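S.K.: Could you have a look at this structure, given as structure tokens, before my questions?
Protein chains: 2
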Amino acid sequence: AAAGLAQDDFVGISFWIISMALMASTVFFLWETQGVTAKWKTSLVVSALVTFIAAVHYFYMRDVWVATGESPTVFRYIDWLLTVPLLMIEFYLILRAIGVASIGIFWRLLIGTLVMLIPGYLGESGYINIWVGFVIGMLGWFYILYEIFYGEAGKAAETQATPAVKYAYKAMCWIVTVGWAIYPIGYVAGYTGVGSSEALNIIYNFADLVNKVAFGLLIWYAATTESQAEP
Amino acid sequence: AAAGLAQDDFVGISFWIISMALMASTVFFLWETQGVTAKWKTSLVVSALVTFIAAVHYFYMRDVWVATGESPTVFRYIDWLLTVPLLMIEFYLILRAIGVASIGIFWRLLIGTLVMLIPGYLGESGYINIWVGFVIGMLGWFYILYEIFYGEAGKAAETQATPAVKYAYKAMCWIVTVGWAIYPIGYVAGYTGVGSSEALNIIYNFADLVNKVAFGLLIWYAATTESQAEP
Ligand SMILES: CC1=C(/C=C/C(C)=C/C=C/C(C)=C/C=O)C(C)(C)CCC1
Ligand SMILES: CC1=C(/C=C/C(C)=C/C=C/C(C)=C/C=O)C(C)(C)CCC1
């Protein structure tokens, strides 16, 4: 694959940059567990799992793209099916770290994830109408937003969190709102008149960088801040 | 690729040596985090990320060179686009470790980096005139130099640093001045009359060794010195 990356294949270059950034992030999150208190270590390890799983998939996706110029749809959804639930576990863990989590929070977020991703996959691979898949997927996402803002999780974070946790929780919600919104934009950019698979992949790639790396950095920030406060 | 390295391919040999040195440096920096105080660990991890990302790219670059004899321009710039911002983060972290950093420092250094690298890439890959790219890139570098010597970062380091931090900061500035000057020399050596892609790659490779490994060693020196001072 190395010899095949053309200087003007900017989609391929974006796959390359992101696979490296994900790999480096994995090392970073794993090593930084050393500097945080016990309850935060798990959150950092889960961040590392997200970037690790994604890095491996990006290596494969990059090769598919460089070799064939086609969207590596199946690898993307395999990646998301693993990493989005891990991000939902992060919400659970951050609430558990302050002692207010119920496991029901995680199950509801998982159901929202499946309703978002499975129709998206069926739509993108042509099993169902592309826009039916899109609309059902959007409903899954809205359900996740409802749960983290106004559901049990949102309420727990609002009432009982320390400042660093509150900050991280709010920022995580913001990422799920604004950062995740990039994905449906990519979907639309891929399958409407002016769209192309180049646009789709560049947008999805950028979205993954934000939602995997920036999400993890937020948790790292809360973890290191809290850990330095407790001596 | 292993079988393909010829005894007289000194450029290929330099790719080989540096990929190994970068790999070994990565292991060194990661393991040495064990021996330093909490606030220095992150700086060492970031040094390791720089050498890790570079090591992976050197493996690919080496293979492209050995297989084709062509400059692996696209991989070099992908590497730089990731590692130079990480070096800029090092300036931020070393100032944060003494409690005097603002995030504005990092953003300004990042902008300088992009102004330096993007025109360089466009010039080397033929999208714009090779010397226009060069001149704009030089301006980006001068801006970085201004910021670290006379800007907010420079002032913070001068007034409030402990001796080990002051030493490290000064030495880091010195690397960005003298060590980084090797890159434009390589660029000129690659694209003027007497130049060749052999000269370009040997010079860039040597520059990467200085600027990635020596830079990390400096931070390691400050970190271990300071950590031994605090009991
Ligand atoms: C809403 C929506 C989508 C959203 C996908 C998202 C939000 C994926 C998130 C992935 C993440 C965050 C991965 C991180 O590791 C689809 C399926 C594209 C299409 C249907 C509508
Ligand atoms: C000034 C200048 C350049 C400088 C490049 C530099 C300074 C790269 C530094 C890379 C480093 C330090 C990597 C470390 O990991 C170019 C783009 C060659 C050409 C245009 C003029």
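First to last, the protein sequences are chains A and H.
Each residue of the first sequence is one higher than the one before, starting from 1 at the first, in this note's numbering.
Each residue of the second sequence is one higher than the one before, starting from 232 at the first, in this note's numbering.
Note that beta-carbon positions come from the ideal geometry of N, C-alpha and C, so glycine has one too.
All of these numbers come straight from a predicted model, not from anything done at the bench.
Of the choices Ile325/H, Ile309/H, Thr393/H, whose alpha-carbon is the least far from that of Thr273/H?
M.R.: Answer by Cα proximity: Ile325/H.
S.K.: Please check if any C-beta of chain H sits within less than 8 Å of the C-beta of Leu5/A.
M.R.: With 8 Å as the cut-off, Leu5/A counts as an interface residue toward chain H.
S.K.: Let me know the secondary structure DSSP gives Leu236/H once reduced to three states.
M.R.: Leu236/H falls in the coil class under three-state DSSP.
S.K.: Closer than 7 Å: is that where the CB of Leu49/A sits relative to any heavy atom of ligand 1?
M.R.: No.
S.K.: I want to know whether the region 166 to 185 of chain A touches the region 9 to 28 of chain A - three or more CB-CB distances under 8 Å.
M.R.: Because the criterion of three Cβ pairs below 8 Å is not met, the region 166 to 185 of chain A and the region 9 to 28 of chain A do not touch.
S.K.: Does Thr390/H come out as helix, strand or coil in the three-state DSSP assignment?
M.R.: Thr390/H falls in the helix class under three-state DSSP.
S.K.: Is Met369/H near ligand 2 - that is, is its Cβ less than 7 Å away from at least one heavy atom of it?
M.R.: Correct: Met369/H has its Cβ closer than 7 Å to ligand 2.
S.K.: When Cβ atoms are compared, which residues of the region 248 to 263 of chain H fall closer than 7 Å to chain A?
M.R.: Within the region 248 to 263 of chain H, the qualifying residues are Leu261.
S.K.: Whose Cβ in chain A lies nearer than 9 Å to the Cβ of Lys272/H?
M.R.: Result: Trp31, Glu32, Gln34, Gly35.
S.K.: If you run the structure through DSSP and keep just helix, strand and coil, what is Trp31/A?
M.R.: Trp31/A: helix per DSSP, three-state reduction.
S.K.: For chain H, is any of its Cβ atoms less than 8 Å away from the one on Ile182/A?
M.R.: Closer than 8 Å: no.
S.K.: Using a Cβ cut-off of 8 Å (strictly closer), state whether Ile13/A contacts chain H.
M.R.: Judged by the 8 Å Cβ criterion, Ile13/A is in contact with chain H.
S.K.: Candidates Phe365/H, Ile450/H, Leu431/H, Ile367/H: which alpha carbon is nearest Met403/H's?
M.R.: Selected option, being the one with the closest Cα: Ile450/H.
S.K.: Would the C-beta of Leu44/A count as close to ligand 1, meaning under 7 Å from any of its heavy atoms?
M.R.: For ligand 1, not one heavy atom lies less than 7 Å from the Cβ of Leu44/A.
S.K.: I think Ile18/A touches Asn205/A, with their Cβ atoms under 8 Å apart; what is that distance to the nearest whole Å?
M.R.: Contact flag correct, Cβ pair sits at about 5 Å.
S.K.: Can you tell me whether Ala214/A is buried or exposed? The criterion is at least 16 other CB atoms within 10 Å of its CB, across all chains shown.
M.R.: Per the 10 Å Cβ criterion, exposed.
S.K.: Taking 7 Å as the cut-off, is the CB of Ala207/A close to at least one heavy atom of ligand 2?
M.R.: No, the Cβ of Ala207/A stays beyond 7 Å of every heavy atom of ligand 2.
S.K.: Determine the closest residue to Val50/A out of Ile89/A, Ala157/A, Ala164/A, Tyr146/A, with distance taken between C-alpha atoms.
M.R.: Considering only alpha carbons, the answer is Ile89/A.
S.K.: Val176/A by DSSP, collapsed to three states: which one?
M.R.: Looking at Val176/A - three-state DSSP - the assignment turns out to be helix.
S.K.: Taking only heavy atoms of ligand 1 into account, decide whether any of them is closer than 7 Å to the Cβ of Met116/A.
M.R.: Met116/A: yes, Cβ under 7 Å from ligand 1.
S.K.: Find out if the Cβ-Cβ distance for the pair Gly371/H, Gly417/H is shorter than 8 Å.
M.R.: No. Outside cutoff.
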